[in-house]
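FYI, in the numbering used here the residues of the sequence shown are 690 to 1211. Glycine is no exception: its CB is placed at the ideal position from the N, C-alpha and C atoms. For clarity, every value in this text was computed on a predicted model and none was experimentally measured.
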Amino acid sequence: MLGQLFSPLTTPLDCRQPMPGWFLPSFLATGSITCLLPTKSKWVRLAVGGPIFAGLLLYAPSFTTGEVSLDFVIGVFMSGAVIKWLDFAIFHNPERSFWRVADNRPRYKPGNPDLEAQKVIEAKPVSTVNPKVSSANQNARQTPEHLFLVKAKGNESPVAPVTVAAPKDVKITTATISVGPKEHASWLERLRWSVGLWLTTRGVGWNFKVSNVPEPVAPGYPRLKFLRHTIHRFLFSYLALDFVHACVRWYHLSKGGEMPDLFSEGLLTRSVVSWFGALETYNALQMPFYLFATLTTALGICRPEQWPNLMGSFSSHMWSVRQFWGKCWHGHLRRVVVEPSRLLVDFLQLPKGSLVRKYTQLFASFYISALTHHAGSYLVGRNTGGMYSLWLGQAAIIMLEDLVIHYGKRWGIKDTPYLQFLGKIWVCAWFCLPTNFPTGAGVVIHNGAGLDPAPFNFSTAAQFPASSWASKSLFSFAADRGAVFYLLSKALNILEATSWRDAVEAVAGATGALVWKYSQAA
């Protein structure tokens, strides 16, 4: 009986069915609906949402999208969604814990890249209960009031506290803060709030925004200018994805029908292919992000300042492994891995500010990351895929980095551009080790991701044939396709050209691509 119940978990890879269209939206729908249930007891939400999520996870291994890379991403998404549900609906009271906040930064000033110099009003909750209201009155209202401390930027002395009715939107001078709780809001307002809560991953525009989100454009930023940027980034990511996927595909086909094994390759080939896999993941995340940013902004659903960049600056921050994961890589899973680990160290009552608390939370966060990626690996290969050694290894090396940096500062070593350059070399070398990018990329490459169809094979469709020498090796093929990608990416700069020099470079790139096309065709 139990064997039949859990049989979908062990569905052979070649017996999986196409994933139905309702499957993934069910995670969003379940999370949103359970957040709308009565707040008297968390057991109600657990009793309703728990079996639904368990059933979805149980049947997930019996479905496939037909693409290895996409199946892996879906596995990560599903496990992350369940952890998010536990965080939002079980570990917290969502109506009282999460609300939208306004962007109170100075508005964009045309012709000046700096923000407009003006007084900003900041507001933050300093108490969830108004001490001026009697407990009997609060019980009668069933909604305590929120006490807000309002101060002007640059003014250290706060203004007198302002008491605001919690369920309604509050206007404090130039600041607008949508505060919880939401129990007494209308059903439609609560539905919009719940769906918005489940659509956000980084908490942009919410009171729980994760750390190190890149600074967005200022409020009032020109919509057309922003759309030029997002269209440019979308097309660039598209071309880059086409380029790196073509290289991974060439590597797979070069094995003569056998499944590739990165660990049987030499150091150089293994490192190059694994970096191609990492870049494919990078651009596969960037492309839909900028597509949705373009569509929602063009349709007026969102404002430009609601779409900060997905990735941080690699040129500025990739000088340590901690900086790479904390400031460069996307933050989609940051809340998912950080909040449960924070709750864990609070439960263990580890002293705040202690090294034990700091590194317990660090290892717990990366262990949760390993769990979510294990789900993706299981969907594509029915194994862990080395995810635990990969992610726990990041925590271990970050702890070692912290130790080196600590003693470096004690010895008087200064932070210089040269030292940061050495740090970037170190990070690249670290990720080339077998337990890092080769393991991460190998999860999908070893299971046939090289044969996944490209979204749109631009090189073939646009008739940019490969050179006669390109088929000799992976490196010659990458150089050939890389040249086409470089020329086309230069041509895309016309979308954000701000000077004649930019326009000339874009025209030169387009001309070079056309010359390449017809010279190879001849």
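Where DSSP assigns a beta bridge to residue i, which residues make up the other side?
{"i": "Pro707", "result": "Thr753"}
{"i": "Arg879", "result": "In the DSSP output, where bridge partners are listed per residue, Arg879 has none listed."}
{"i": "Arg789", "result": "Trp895"}
I'd like to check one pair, residue j with residue i: are the Cβ atoms closer than 8 Å?
{"i": "Phe787", "j": "Phe897", "result": "yes"}
{"i": "Arg1023", "j": "Arg891", "result": "yes"}
{"i": "Thr983", "j": "Phe923", "result": "yes"}
{"i": "Phe766", "j": "Phe712", "result": "no"}
{"i": "Val1027", "j": "Ser1054", "result": "yes"}
{"i": "His1095", "j": "Trp1080", "result": "no"}
{"i": "Gly1139", "j": "Pro949", "result": "yes"}
{"i": "Trp1185", "j": "His918", "result": "Note that residue 1185 corresponds to Glu in the displayed sequence, not to Trp. Contact flag set, yes."}
{"i": "Ala749", "j": "Leu1068", "result": "yes"}
{"i": "Leu1051", "j": "Met1088", "result": "yes"}
{"i": "Gly1229", "j": "Leu1176", "result": "Residue coverage of the chain in this structure runs from 690 to 1211, which leaves residue 1229 outside it and unanswerable."}
{"i": "Arg1011", "j": "Glu1090", "result": "yes"}
{"i": "Gly909", "j": "Tyr797", "result": "yes"}
{"i": "Thr1049", "j": "Ser1078", "result": "no"}
{"i": "Pro1017", "j": "Gly1001", "result": "This sequence places Cys at residue 1017; Pro is not what is there. Yes. Within cutoff."}
{"i": "Ala1180", "j": "Ala1199", "result": "yes"}
{"i": "Cys724", "j": "Pro783", "result": "yes"}
{"i": "Phe965", "j": "Leu999", "result": "no"}
{"i": "Thr747", "j": "Leu698", "result": "The residue you asked about is not Thr; residue 747 is Leu in the sequence shown. Their beta carbons are under 8 Å apart, which means Leu747 touches Leu698 by this criterion."}
{"i": "Ala1159", "j": "Ser1165", "result": "yes"}
{"i": "Ile772", "j": "Val1025", "result": "yes"}
{"i": "Phe1174", "j": "Phe932", "result": "yes"}
{"i": "Thr889", "j": "Trp882", "result": "no"}
{"i": "Gly764", "j": "Asn901", "result": "no"}
{"i": "Arg705", "j": "Ile779", "result": "no"}
{"i": "Asp1141", "j": "Val737", "result": "no"}
{"i": "Pro795", "j": "Glu904", "result": "no"}
{"i": "Phe777", "j": "Leu886", "result": "yes"}
{"i": "Gly755", "j": "Pro707", "result": "yes"}
Just mark residue i as buried or exposed, buried being the case when its beta carbon has 16 or more other beta carbons within 10 Å.
{"i": "Trp1008", "result": "buried"}
{"i": "Ala825", "result": "Residue placement at Ala825 is poorly supported in this model, since its pLDDT is 36, which falls under 50; the coordinates are not used for a value here."}
{"i": "Gln1038", "result": "exposed"}
{"i": "Tyr1207", "result": "exposed"}
{"i": "Gln807", "result": "With a pLDDT of only 34 at Gln807, under 50, the local geometry of the prediction cannot be trusted, and the value read off the model is given with reservation. Gln807 is exposed by the Cβ-count criterion."}
{"i": "Lys944", "result": "exposed"}
{"i": "Val1093", "result": "exposed"}
{"i": "Ala929", "result": "buried"}
{"i": "Tyr971", "result": "buried"}
{"i": "Gly843", "result": "Any answer about Gly843 is weak, because its pLDDT of 37 lies below 50 and its placement is not dependable; what the coordinates show is given next. It counts as exposed."}
{"i": "Ala1192", "result": "exposed"}
{"i": "Tyr1107", "result": "exposed"}
{"i": "Thr1128", "result": "buried"}
{"i": "Val1133", "result": "buried"}
{"i": "Thr986", "result": "buried"}
{"i": "Gln975", "result": "buried"}
{"i": "Gln1083", "result": "buried"}
{"i": "Val937", "result": "buried"}
{"i": "Ala1064", "result": "buried"}
{"i": "Ser867", "result": "Bear in mind that the predicted position of Ser867 carries a pLDDT of just 47, short of 50, making it unreliable; the figure below should be weighed with that in mind. So Ser867 ends up on the buried side."}
{"i": "Asp1104", "result": "exposed"}
{"i": "Ser1005", "result": "exposed"}
{"i": "Leu775", "result": "buried"}
{"i": "Trp732", "result": "exposed"}
For the alpha helix (DSSP H) that residue i lies in, which residues bound it at each end?
{"i": "Gln1038", "result": "Unbroken run through Gln1038: none, as it is neither H nor E."}
{"i": "His918", "result": "Arg912 to Leu942"}
{"i": "Phe780", "result": "Looking at the DSSP string, Phe780 is not in any alpha helix (DSSP H), and its letter there is neither H nor E."}
{"i": "Ala1130", "result": "Phe1126 to Ile1134"}
{"i": "Asp1169", "result": "Leu1163 to Leu1181"}
{"i": "Asn972", "result": "Leu956 to Ala987"}
{"i": "Leu713", "result": "Phe712 to Cys724"}
{"i": "Ile741", "result": "Lys731 to Tyr748"}
{"i": "Phe1003", "result": "Phe1003 to His1006"}
Say yes only if the C-beta of residue i is nearer than 7 Å to one or more non-hydrogen atoms of the ligand PLP, and no if none qualify.
{"i": "Trp1014", "result": "The ligand PLP is not among the ligands present in this structure, which contains no ligands whatsoever."}
Taking only runs of the beta strand (DSSP E) that begin and end inside the stretch 1031–1117, which ones reach a length of at least 3 residues, in chain order? Every candidate beta strand (DSSP E) stretch fails here, since none sits fully inside the stretch 1031–1117 while reaching 3 residues.
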